[in-house]
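**Student:**
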Amino acid sequence: MKKLIAILIACLPCAAAVAAEVERSEHAIKTLEMYTRIIEVESSKNLGNVPEIANYLANELLAAGFPQEDVEVVPLGETASLIAKYRGDGSSGKAPILLLGHMDVVEALARDWERPPFELTSDDSYFYARGTVDNKFGVAQLTSTFIRLKKEGFVPNRDLIIAFSGDEESGMLTTRMLAYDREDLAEAEFALNSDAGGGDLDADGNPVVYLMQAAEKTYVTWEITVRNPGGHSSRPRPDNAIYDLADAIKKIEKYRFPVRWSEMTQTFFEETGEQLGGELGDAMVRFANNPRDEEAADRLAIESSYVGTTRTTCVVTMLQAGHAENALPQSATATVNCRVFPGVPVSAIESALRQVVENDAIEFRQLEEATESPISRLRPDVTAAVKKAVHARYPDIKVIAYMESGGTDGMHFRKAGIPTWAVSGLFMNPDEMYAHGLNERVPIQAFYDGLDHWSIILRELAGNQEQ
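The numbering of the sequence shown is our numbering, which starts it at 1477 and goes up by one.
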């Protein structure tokens, strides 16, 4: 608690644009308390710490008055899921709304970070820690919104159900369980995901556009392996597993998959480019008008925030080779992670990679079955609710659909037949999105500005008129 108070005190002078009374509100303090607590739990894979977060959040919900039978921690291997039902009065006659997020995070090597990755710290502008964006921001904000609404006496006209997974960043076993094995969750009319979407700010902090994630690229990973008889390191041979693999990696690095587009991605670039302006905005608009404009496509290809929206991407993410410093390598393996444009078969990507490396001796092994999911077309009631929440902060900003270049739990819920939109309450500059990377951070003002986001949306979609 002393650490929490220190953070609150530190934030007061540095978030001048945020009203002090908001920072001191019960909801703000509770959200920051939960955010701080769950960030302190290192919940990356194979550590077995996700159940600690799930039980902590469950206890917070129970303490707020949610009945025991409506709060469930579901263990699965070393991880767990959290399911929490906010019971409605049924007056709308509508099926439940699912609210998604994930409690696990990607690993972080403390020696590489400027700040401790599993302790919430701050400077004049940002909160820093692993998970500040992905996805403990969404988990804390959604859970605290449930608590806030309960304390305010809100009774929804339909059930609202939190479904937090515990291994979204690795095997997605809990995600599959939630999406495919729980009949109570399968009854949902649709799902809202806290793990993507959100608003873009420009370099000066001005709002550009708000994005509702309505589709995701197909996530698939291969291990490519070169084998060799090896031998003594004092007797180098003309063929070497590491060198051969390195040649293949460099070819993958240089290869660009063909440009792809859809009506949704063209609209995304047109709207975003018009708002962003400048040389990059002009390239976006030109690409939207003519995706075959090679100059525009090449300009977007150097932007990490946007290249994934223009084509399939494959990148080498891990290496493993050799068995002794004084022996020639008998094998060398690279992990190649691909994000495939919707509608492109995974088999076509493997065929392309085999042609790129130009070495029939390289073995390809697909690690997991790829999950291809459909587009969730925007619907008026959900879009209107999101617009109301967004326009409470930025009245004139446009709200548009987009395709996620990464992958989230939403892919499995879409595949299970539940339309899913990701609608995070976070606004930030996409160039400062360090999720999965070093020194992950969230603007302090964005943290506080998002406090009403979910309560507005849920009241719009599940509120009775008298409330």
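The beta carbon of each residue, even a glycine, is placed where N, CA and C say it ideally should be.
Bear in mind the structure is a predicted one, so any value in this text is a computation, not a measurement.
Kindly indicate the opening and closing residues of the beta strand (DSSP E) around residue 1698.
**Tutor:** Here the beta strand (DSSP E) through residue 1698 covers 1694-1703.
**Student:** Any idea what DSSP makes of residue 1946, helix, strand or coil?
**Tutor:** This structure gives no information on residue 1946, because the portion of the chain shown stretches from 1477 to 1943.
**Student:** From the DSSP output, in three-state form, read off residue 1806 for me.
**Tutor:** Residue 1806: coil per DSSP, three-state reduction.
**Student:** Would you say the region 1572-1587 touches the region 1660-1671, given that touching needs at least three Cβ pairs under 8 angstroms?
**Tutor:** At 8 angstroms Cβ cutoff, the stretches touch.
**Student:** At the level of alpha carbons, what is the spacing between residue 1843 and residue 1539?
**Tutor:** Using only the alpha carbons, I get a separation of about 42 angstroms.
**Student:** Using only alpha-carbon positions, find the residue among 1930, 1896, 1742 and 1729 that is nearest to residue 1621.
**Tutor:** The candidate whose alpha carbon is nearest that of residue 1621 is 1930.
**Student:** Please go through the same chain and pick out, in chain order, the residues whose beta-carbon is closer than 7 angstroms to the beta-carbon of residue 1517, but skip the five residues on each side of it.
**Tutor:** Within the same chain, residue 1517 has close Cβ partners 1525, 1528 and 1529.
**Student:** If you drop the 5 nearest sequence neighbours on each side, which residues of the same chain put their C-beta closer than 6 angstroms to that of residue 1477?
**Tutor:** Any reading at residue 1477 must be qualified, since the residue scores a pLDDT of 48, below 50, and its modelled position is unreliable; no value is offered.
**Student:** Going by the DSSP bridge assignment, what does residue 1896 pair with across the sheet?
**Tutor:** Answer is 1667, bridged to residue 1896.
**Student:** Thinking C-alpha only, which one of 1630, 1655 and 1632 is nearest residue 1641?
**Tutor:** Per the Cα distances, 1655.
**Student:** What three-state label does DSSP hand residue 1884 in the structure shown?
**Tutor:** If DSSP states are grouped into helix, strand and coil, residue 1884 belongs with coil.
**Student:** What's the C-alpha gap between residue 1938 and residue 1691?
**Tutor:** Roughly 24 angstroms separates the two Cα atoms.
**Student:** Residue 1810 to residue 1716, Cα distance in whole Å?
**Tutor:** Distance between the alpha carbons of residue 1810 and residue 1716 is about 15 angstroms.
**Student:** List the whole-angstrom C-beta distance separating residue 1874 from residue 1751, where the pair is believed to meet the contact cut-off of C-beta under 8 angstroms.
**Tutor:** About 7 angstroms; that satisfies the 8 angstroms criterion.
**Student:** Kindly give me the distance between the Cβ atoms of residue 1696 and residue 1832, rounded to whole angstroms, as I take these residues to be in contact under 8 angstroms.
**Tutor:** With a Cβ gap of about 16 angstroms, residue 1696 and residue 1832 do not count as contacting.
**Student:** Among the residues of its own chain, which have a CB less than 6 angstroms from the CB of residue 1928, if the five just before and after it don't count?
**Tutor:** Nothing meets the Cβ criterion.
**Student:** For the alpha helix (DSSP H) that contains residue 1429, what are its first and last residues?
**Tutor:** This structure cannot speak to residue 1429, because the chain is shown only from 1477 to 1943.
**Student:** Output yes or no for whether 8 angstroms exceeds the beta carbon distance between residue 1761 and residue 1745.
**Tutor:** Yes; because the gap between Cβ atoms is below 8 angstroms, this pair is in contact.
**Student:** Closest to residue 1581 by C-alpha separation, out of 1594, 1756 and 1590, would be which residue?
**Tutor:** Among 1594, 1756 and 1590, the Cα nearest to that of residue 1581 is on 1594.
**Student:** Within its chain, find whatever has a CB closer than 6 angstroms to the CB of residue 1568; leave out the 5 residues flanking it on each side and keep chain order.
**Tutor:** Closer than 6 angstroms at the Cβ level, and outside the excluded window around residue 1568, lie 1633 and 1634.
**Student:** Give the secondary structure of residue 1688 by DSSP, where H, G and I count as helix, E and B as strand, and everything else as coil.
**Tutor:** If DSSP states are grouped into helix, strand and coil, residue 1688 belongs with the strands.
**Student:** Short of 6 angstroms in beta carbon distance, which residues of its chain neighbour residue 1895, apart from the five on each side in sequence? Order them along the chain.
**Tutor:** Answer for residue 1895: 1666 and 1852, listed in chain order.
**Student:** To the nearest angstrom, report how far apart residue 1883 and residue 1709 are at their CA atoms.
**Tutor:** Whole-angstrom Cα-Cα distance: 42 angstroms.
**Student:** Would you say the beta carbon of residue 1634 comes nearer than 7 angstroms to a heavy atom of the ligand GTP?
**Tutor:** The model depicted lacks the ligand GTP and carries no ligand whatsoever.
**Student:** Can you tell me where the beta strand (DSSP E) with residue 1617 in it begins and where it stops?
**Tutor:** Per DSSP, residue 1617 belongs to no beta strand (DSSP E); it is in the alpha helix (DSSP H), 1612-1627.
**Student:** Closest to residue 1925 by CA distance: which of 1659, 1899, 1868 and 1658 is it?
**Tutor:** When each option's Cα is compared against that of residue 1925, the closest is 1868.
**Student:** Check the DSSP bridge columns for residue 1877 and list the partner residues they point to.
**Tutor:** Note: residue 1877 sits in a beta bridge opposite 1688.
**Student:** Runs of 3 residues minimum, wholly inside the region 1530-1600: which ones carry the beta strand (DSSP E) assignment?
**Tutor:** DSSP runs (the beta strand (DSSP E)) wholly in the region 1530-1600: 1547-1552, 1555-1562 and 1573-1578.
**Student:** In whole angstroms, what is the alpha-carbon distance linking residue 1718 and residue 1817?
**Tutor:** About 31 angstroms.
**Student:** What does residue 1604 pair with, by DSSP beta-bridge criteria?
**Tutor:** In the DSSP output, where bridge partners are listed per residue, residue 1604 has 1597 and 1917.
**Student:** Helix, strand or coil for residue 1840 per DSSP?
**Tutor:** Here residue 1840 sits in strand by DSSP.
**Student:** Do residue 1804 and residue 1707 come within 8 angstroms of each other at the CB atom, strictly closer than that value?
**Tutor:** Cβ distance < 8 angstroms, so residue 1707 and residue 1804 count as in contact.
**Student:** In the DSSP assignment, the beta strand (DSSP E) including residue 1797 goes from what residue to what residue?
**Tutor:** Where residue 1797 is concerned, the enclosing beta strand (DSSP E) stretches over 1789-1797.
**Student:** Quick one: Cα of residue 1495 to Cα of residue 1631, how far?
**Tutor:** Summary for residue 1495: the model assigns pLDDT 44, below 50, so the residue's position carries little reliability, and this model does not support an answer.
**Student:** Taking Cβ to Cβ, would you say residue 1554 is nearer than 8 angstroms to residue 1522?
**Tutor:** For residue 1554 and residue 1522, yes; Cβs fall inside 8 angstroms.
**Student:** Pick out whichever of 1830, 1659 and 1742 has its Cα sitting closest to the Cα of residue 1763.
**Tutor:** Cα-wise, what sits closest to residue 1763 is 1742.
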